[in-house]
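Step one of this worksheet: look at the structure below.
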Amino acid sequence: MPEIPDLEAIAAFLNRRLPGQRIEKAEVRIPVVVRASREDFADALAGNRFGQAERYGKFLIFHLQHELVMVINAMLTGRFQYVEPAMRLHRKTCFVIALEDGNELRYYDDMLMGKLYLATTATLGQLPRFADMGPDALAISRDDFKQRIRRHSGMVKNVLTNEKFIAGIGNAYSDDILWEAGFHPYRKRSTIDEEGIDRLYDAMRSILFVSIPIVAEKMGESLDYSEWREHMKVHRKGGEPCPRCGNRISEITAGNRITNFCRTCQAS
Numbered sequence: 002m003p004e005i006p007d008l009e010a011i012a013a014f015l016n017r018r019l020p021g022q023r024i025e026k027a028e029v030r031i032p033v034v035v036r037a038s039r040e041d042f043a044d045a046l047a048g049n050r051f052g053q054a055e056r057y058g059k060f061l062i063f064h065l066q067h068e069l070v071m072v073i074n075a076m077l078t079g080r081f082q083y084v085e086p087a088m089r090l091h092r093k094t095c096f097v098i099a100l101e102d103g104n105e106l107r108y109y110d111d112m113l114m115g116k117l118y119l120a121t122t123a124t125l126g127q128l129p130r131f132a133d134m135g136p137d138a139l140a141i142s143r144d145d146f147k148q149r150i151r152r153h154s155g156m157v158k159n160v161l162t163n164e165k166f167i168a169g170i171g172n173a174y175s176d177d178i179l180w181e182a183g184f185h186p187y188r189k190r191s192t193i194d195e196e197g198i199d200r201l202y203d204a205m206r207s208i209l210f211v212s213i214p215i216v217a218e219k220m221g222e223s224l225d226y227s228e229w230r231e232h233m234k235v236h237r238k239g240g241e242p243c244p245r246c247g248n249r250i251s252e253i254t255a256g257n258r259i260t261n262f263c264r265t266c267q268a269s
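Counting in the numbering used here, the sequence shown runs from 2 upward without gaps.
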């Protein structure tokens, strides 16, 4: 699933290309992902112009003229393409937007789990899941983080990935944040003291801000990418040596989710 560094890189890529461009045509090809009719999608977008794209949590928000916004949650397998029209369509292409520079913005989704919404800046907060989201993980202040985390109990990894607490952290980066902070992923949040919460906040910001330029560099000038995880400390590194202590990184699979951690560095 794309997380903050992936989505930041995608937004930056598109912001070098989309702003100011006129939409010549918009076509829904697989309607299950698009929460608007084919006609409404085409009518709302054709002739409009793109403004900036921004990320909030795991959503990408495309600003257009007349206060229209196109909001996309790519979920597990949603991917964007910025390609020439002659490029062969992926079989799970959900929509195609033809641009005045001759290229197309496409979105495909192998599992068809993503969601696209059309809204206005005034109604953005009323979209499903959007209204319930906490502050974005890159924007939340230390004090707000400390106040909000006290409202949540359970395992600390589950707290980090709970969008009602903070938005944007998923399975992958929660592993590395907890490794950086030195916490076992299944530790109860209620057992973490004030100093530990500070450490968790610092680890979150460090891991995310270090990862963003790495992922952007890997992506380069193409959206034809995989989720870059080679730079990560423990996620997807089960069986490899911990970069801090050298002991073997553990891997546990539960509920279709892989968790990686170091039993030595994250014993508590």
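The beta-carbon is built from N, C-alpha and C at its ideal position, and this holds for glycine as well.
- Following the DSSP letters along the chain, one finds K147 inside the alpha helix (DSSP H) bounded by residues R143 to I150.
- Nearest neighbour of R230 by Cα position, chosen from K59, N172 and P186, turns out to be N172.
- A residue is called buried once 16 or more other Cβ atoms fall within 10 Å of its Cβ, and H67, having fewer, is exposed.
- Apart from the 5 residues on each side of it in sequence, A168 sits with its Cβ closer than 6 Å to the Cβ of G58, M134, G135 and D137 in its chain, given in chain order.
- Secondary structure at R258: strand, using DSSP grouped into helix, strand and coil.
- Residue pairing by DSSP places M71 opposite F63 and L119 in a beta bridge.
- Exclusion of the five residues before and after R188 leaves M156, V157 and S269 as the residues of its chain whose Cβ lies within less than 8 Å of its Cβ.
- The C-beta of N248 has fewer than 16 other C-beta atoms within 10 Å across all chains shown, which makes the residue exposed.
- Runs of the alpha helix (DSSP H) lying entirely within the stretch 154 to 212, each at least 4 residues long, are 157 to 161 and 172 to 182 in chain order.
- A check of alpha carbon separations from L90 across V72, V70, D111 and I73 identifies D111 as the nearest.
- The C-beta distance from D176 to T260 rounds to 6 Å, short enough to fall under 8 Å.
- Cα atoms of P86 and V72: separation of roughly 23 Å, rounded to the nearest angstrom.
- Out of I11, I5, T265 and R245, the CA that lies nearest to the CA of S223 is found in I11.
- Assigned with DSSP and collapsed to three states, F81 falls in strand.
- Remark: fewer than three beta-carbon pairs, one from each stretch, lie closer than 8 Å, so the stretch 141 to 154 and the stretch 113 to 127 are not flagged as touching.
- Distances from the alpha-carbon of I213 to those of D199, L19 and H232 put H232 closest.
- By the CB criterion at 7 Å, P20 and G48 fall outside the cutoff.
- For I215, same chain residues with a beta-carbon under 6 Å away, outside a window of 5 residues either side, are H232 in chain order.
- Straight through space, the alpha carbons of A182 and R206 are spaced by roughly 11 Å.
- Out of E241, E228, R149 and G256, the CA that lies nearest to the CA of C263 is found in E241.
- Here A120 has V70, V72 and L128 as same chain residues with Cβ atoms under 7 Å from its own Cβ, once five neighbours each way along the sequence are excluded.
- In the structure shown, D102 adopts coil according to DSSP, grouped into three states.
- Across the structure, R80 and E40 are spaced so that their CA atoms are roughly 23 Å apart.
- Taking K93 as reference, the option from I250, I170, H236 and P32 with the minimal CA-CA separation is P32.
- Residue range I24 to V29 is occupied by the beta strand (DSSP E) that includes E25.
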